[in-house]
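Structure first, then comments.
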């Protein structure tokens, strides 16, 4: 086991833009943080894709929806319904633009039923600038920031929740630490008693590995602000609907080219870039890859079923 | 070419009940009447299934939605959106319970766009009894009748539109028919002139083949009224969510067993029965088939991709 003993991966369930084609599905990704699942966008067919790749849907704790174009959420109500039919009782959090709530409610109402588990709907109301923390649990912290698309659209940055220091008595620090003092050391703080005795935490502990992070940016024009919000991420997913030769069309439709995605990655100093949200016009994707690689070295293509380790 | 020179088939896009499983999809069927397409229900993933089986989605003229449980319509808005993205201009008719309109509108509104083609939404408001004619064009006549499920649910009967008689001069009727009299003969009527001369249409024409019909019934308890509405159909699709051993569960959830579907088929005197809307609990379906065949001889199982000729 390396520095990272916990899992932090993302699995691609859909890599295409609006029109499903060429065997590619509308957008959905599953983030696995230590076997806790977080779903990012939920295009039509997401529940089938989860089954296809043997990803247990009941493990999903929270769902994040970037914006209200259908290729990013048309699979949601079907998934909610299936979770219910499969006996879910655990609450589910949904983070999404405000309009989504009425859309879910109307469809649940029309079916004459109700879900047997609570949904905690967290409306992300439009905000001017900066980023807002939307979710925090023992596994992951999620921040949300603005992208620029035809309608309000959010990017998300997922960062591992800060871990405690590991307490290692075998490190051989001076004897005399009391059991109730260990939590102090695990916070990375020194023990200082009222009588002035002190114990250096570094003699007893190992710091946790750095917190890994994943920045998810679709659908959007390339932005300076994205460079800021994705700064230093271990993995950046940046949409690349088009190739450079379609730059004009890309701009008109508020999307990005592979080259522009790579430029954002380079300026943000991320470790790795993943492309996606491909236009249906492309049957092959090698040009996306080579175009991006001409700007930034470590690029991968998102494709259905691919599980990417983030580190 | 036999008596029927026009196509009248149904292709199964989804054969399962609420929970997609075992490679089976939620309900959708494509009726092909002389290469005019009619979509019956539209569960999640229908547009992908249309692509998979190379069925040109722009040929769809009308969509019929049986009821407001999601496994029968969650694929609709995605399909409408894709038709738009693919450049549709031709109008599309949708026949459905009234609640569906607001659900479509809300989702289109939220996306900030509008479709480039007109949707003619025909609300099927609840009605007491009998059947109502909902659609008629040159290909097909569609009647709607009540089923009995947890919420309002409609069955549909699709009948070929009445064809003209074929005018066959080589049949050798007496000479002297004028060109403008041919349309009279093609209606199956004799020509009778003001001077009393008459020409027997049977000497010049062949009657059209009988009108074929397809009755579609899901989700529902087995009903006496269905026996009436499906009377003499060339093909009856009757849901068979469960097997006989689950009869109690079937009743509680307002569904039918394979045996009950066969009993309806037998009493309605249909030519052939197709089963479907299988519960996710069944990985194999041979028991559905044998159970139904113990009651009614000509039974087939609906399964994804199957195209059934109706005659």
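Protein chains in written order, with our numbering: chain D, 1 to 311; chain U, 312 to 622. All C-beta atoms, glycine included, are put in the ideal place defined by N, C-alpha and C. In this text the structure is predicted, and so the values were computed from the model without any measurement.
Query raised in the report: Sorted by chain position, which residues of the same chain lie with C-beta nearer than 7 Å to residue 249 of chain D's C-beta, five sequence neighbours on each side aside?
Result: 242
Query - Delimiting residues of the alpha helix (DSSP H) encompassing residue 637 of chain U - result: Residue 637 of chain U lies beyond the stretch modelled for chain U, which goes from 312 to 622, so this question has no answer here.
Requested in this report: From the DSSP output, in three-state form, read off residue 325 of chain D for me.
Outcome: Lying outside 1 to 311, the shown extent of chain D, residue 325 of chain D is not represented and no answer is given.
Query raised in the report: If you measure beta-carbon to beta-carbon, which residues of the region 14 to 25 of chain D are closer than 8 Å to chain U?
Result: 18, 19, 20, 21, 25
Query raised in the report: What's the gap between the Cα of residue 25 of chain D and the Cα of residue 178 of chain D?
Result: 56 Å
Query raised in the report: If you draw a straight line from the C-alpha of residue 187 of chain D to the C-alpha of residue 284 of chain D, how long is it?
Result: 50 Å
Query raised in the report: Ends of the alpha helix (DSSP H) at residue 184 of chain D?
Result: 182 to 186
Query raised in the report: By DSSP, does residue 242 of chain D sit in helix, in strand, or in coil?
Result: strand
Requested in this report: Consider the Cβ of residue 616 of chain U: report whether some Cβ of chain D lies at a distance smaller than 7 Å.
Outcome: no
Query - Positions along the region 366 to 389 of chain U whose CB lies within less than 7 Å of some CB in chain D - result: 379, 380, 381, 385, 386, 388, 389
Requested in this report: Determine the direct distance from the alpha carbon of residue 543 of chain U to that of residue 584 of chain U, and round the result to whole angstroms.
Outcome: 11 Å
Query raised in the report: Is the region 410 to 427 of chain U in contact with the region 562 to 579 of chain U, if contact means three or more CB pairs nearer than 8 Å?
Result: no
Query raised in the report: Do residue 399 of chain U and residue 364 of chain U have their C-beta atoms within less than 7 Å of each other?
Result: no
Report task. Could you tell me whether the Cβ atoms of residue 622 of chain U and residue 504 of chain U are closer together than 7 Å? Result -> no
Requested in this report: Under 8 Å by Cβ, that's how I've got residue 39 of chain D and residue 63 of chain D pegged, so tell me the actual separation to the nearest angstrom.
Outcome: 4 Å
Query raised in the report: Do we get a CB-CB distance below 7 Å when we pair residue 1 of chain D with the residues of chain U?
Result: Here the model assigns residue 1 of chain D a pLDDT of 39, short of 50, so the residue's position is not dependable and the matter cannot be decided.
Query raised in the report: Is it buried or exposed for residue 127 of chain D, if we count other Cβ within 10 angstroms and need 16 for buried?
Result: The C-beta of residue 127 of chain D has fewer than 16 other C-beta atoms within 10 Å across all chains shown, which makes the residue exposed.
Query - Straight-line Cα distance separating residue 380 of chain U from residue 75 of chain D - result: 15 Å
Requested in this report: Check residue 360 of chain U in the structure and name its three-state DSSP category.
Outcome: helix
**Report entry** Other residues of its chain near residue 605 of chain U: CB distance less than 8 Å, five sequence neighbours each side excluded
**Finding:** 570, 573
Query raised in the report: Got a sec: is the Cβ-Cβ distance from residue 239 of chain D to anything in chain U below 7 Å?
Result: no
Query - Beta-ladder partner(s) of residue 230 of chain D, from DSSP - result: According to DSSP, which records beta bridges pairwise, residue 230 of chain D is partnered with nothing at all.
**Report entry** The beta strand (DSSP E) enclosing residue 558 of chain U, as first and last residue numbers
**Finding:** Residue 558 of chain U -> not in any beta strand (DSSP E); alpha helix (DSSP H) instead, spanning 558 to 563.
Query raised in the report: Helix, strand or coil: how does DSSP classify residue 85 of chain D here?
Result: Reduced to three states, the DSSP call for residue 85 of chain D is helix.
Report task. Take the Cβ of residue 92 of chain D as the centre, count every other Cβ of all protein chains shown within 10 Å, and call the residue buried at 16 or more, exposed below. Result -> The residue in question, residue 92 of chain D, is buried, as its Cβ has 16 or more Cβ neighbours within 10 Å.
**Report entry** contact_flag[the region 470 to 484 of chain U, the region 505 to 524 of chain U] where n(CB pairs < 8 Å) is 3 or more
**Finding:** yes
Requested in this report: Might you give, ordered along the chain, the residues of its own chain that have their beta carbon closer than 8 Å to the beta carbon of residue 346 of chain U, omitting 5 neighbours on each side?
Outcome: 318, 370
Query raised in the report: Counting Cβ pairs closer than 8 Å, one from the region 263 to 272 of chain D and one from the region 295 to 310 of chain D, do we hit at least three?
Result: At 8 Å Cβ cutoff, the stretches touch.
Query raised in the report: So, residue 238 of chain D versus residue 151 of chain D, is the Cβ gap smaller than 7 Å?
Result: no
Report task. Kindly give me the distance between the Cβ atoms of residue 268 of chain D and residue 227 of chain D, rounded to whole angstroms, as I take these residues to be in contact under 8 Å. Result -> 5 Å
Query - Neighbourhood of residue 590 of chain U by C-beta distance below 7 Å, restricted to the same chain and skipping five residues each side - result: 328, 552, 553
Report task. Look at the alpha carbon of residue 441 of chain U and the alpha carbon of residue 509 of chain U, and state the distance between them as a whole number of angstroms. Result -> For residue 441 of chain U and residue 509 of chain U, the distance between alpha carbons rounds to 41 Å.
**Report entry** Three-state class that DSSP yields for residue 140 of chain D in the structure shown
**Finding:** strand
Query raised in the report: Where do the N-terminal and C-terminal ends of the alpha helix (DSSP H) with residue 264 of chain D fall, by residue?
Result: 258 to 268
Query raised in the report: Quick one: is residue 87 of chain D near chain U, going by C-beta distance under 7 Å?
Result: no
Requested in this report: With 7 Å as the limit, tell me which residues of the region 101 to 112 of chain D have their beta carbon closer than that to any beta carbon of chain U; keep them in chain order.
Outcome: 102, 103, 106, 107, 110, 111, 112
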